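Peer 1:
In our numbering, the protein residues as written are -10 to 271.
#1: Measure how close the beta-carbons of residue -5 and residue 67 come, nearest whole angstrom, since I'm counting them as under 8 Å.
#2: Quick one: which unbroken beta strand (DSSP E) runs of 3-plus residues sit fully inside the region 107 to 181? Chain order, please.
#3: Would you mind sorting residue 127 into buried or exposed? The rule is 16 or more other CB atoms within 10 Å of its CB.
#4: Here's a check: name, in chain order, each residue in its chain whose Cβ is nearer than 6 Å to the Cβ of residue 100, leaving out the five neighbours to either side.
#5: Can you tell me whether DSSP reads residue 65 as helix, strand or coil?
#6: Identify whether residue 86 lies in helix, strand or coil by the three-state DSSP scheme.
#7: Specify the secondary structure class of residue 224 as computed by DSSP and reduced to three states.
#8: Could you tell me which whole alpha helix (DSSP H) segments of length 4 or greater appear in the region 196 to 249?
#9: Whose C-beta lies closer than 7 Å to the C-beta of residue 103 among residues of the same chain, with five residues either side of it excluded?
#10: Kindly list the residues whose CB is nearer than 6 Å to the CB of residue 33, restricted to its own chain and excluding five residues on each side of it in sequence; keep chain order.
#11: Taking contact to mean at least 3 C-beta pairs separated by less than 8 Å, is the region 53 to 60 in contact with the region 212 to 224?
#12: Candidates 151, 125, 71 and 195: which alpha carbon is nearest residue 12's?
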């Protein structure tokens, strides 16, 4: 049985008008988990709780067998935050110097190799970078100190398709080591179709599902039917439904639907939409 890189149990955090409510999931080593949800659902708050940047009101978080505030644990975490980064006046050279002081295992040669590969001007100030270049710089930093766990908050948001694929290729290379793990927050579900092993869906501060991606897609589907047909199903077979004037459509568990009924394949985006906008979502 694989060791877990990350465990969250019963995480609650309330501030302002928002709250995380009993958030929990586990991320085994050798696994990429996609953390999905609408903007404001709690994805960034969850990642910041893992990093001990915010303190939960209750619950327990274990990161690489320890706590996110432990310096020896933080050494092994690579981070890309959507709303964070380095001072805008710094250059890539200055970033390397800074991180060389922060990480015992900082690999300046590896960082320089990434910078060259990405075509980043080593002397240019970060404020003059494009969004794609900033993302690549942050990823280069996250990958250059022997991290075992990557925590990535919307790393492909706002990037063109070519740059997004380059980023996903980097993550794929990182995962060639089965001791590694990635928690990848994203609302771009097509990226998760390419790389995620597990999907955790958070909505209004609550986890609605946390399951292996392939199992989720294999066992669920979309049923288009009449209201009477929908009512005839065992309620446990219906994860969410939409009832309209001209019929119904439902996100269903395939094993709860008669074999002679047509159930269409479903993708991650459709599941997310059903669970957020459908009725009786579960």
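Backbone N, C-alpha and C define an ideal beta-carbon position, used for all residues, glycine too.
For clarity, every value in this text was computed on a predicted model and none was experimentally measured.
Peer 2: Let me spell this out:
#1: About 13 Å; that fails the 8 Å criterion.
#2: 138 to 142 and 170 to 174
#3: For residue 127, the number of other beta carbons within 10 angstroms of its own is at least 16, and it is reported as buried.
#4: 85, 129 and 133
#5: coil
#6: helix
#7: helix
#8: 202 to 208 and 216 to 221
#9: 129, 132 and 133
#10: 142
#11: no
#12: 195
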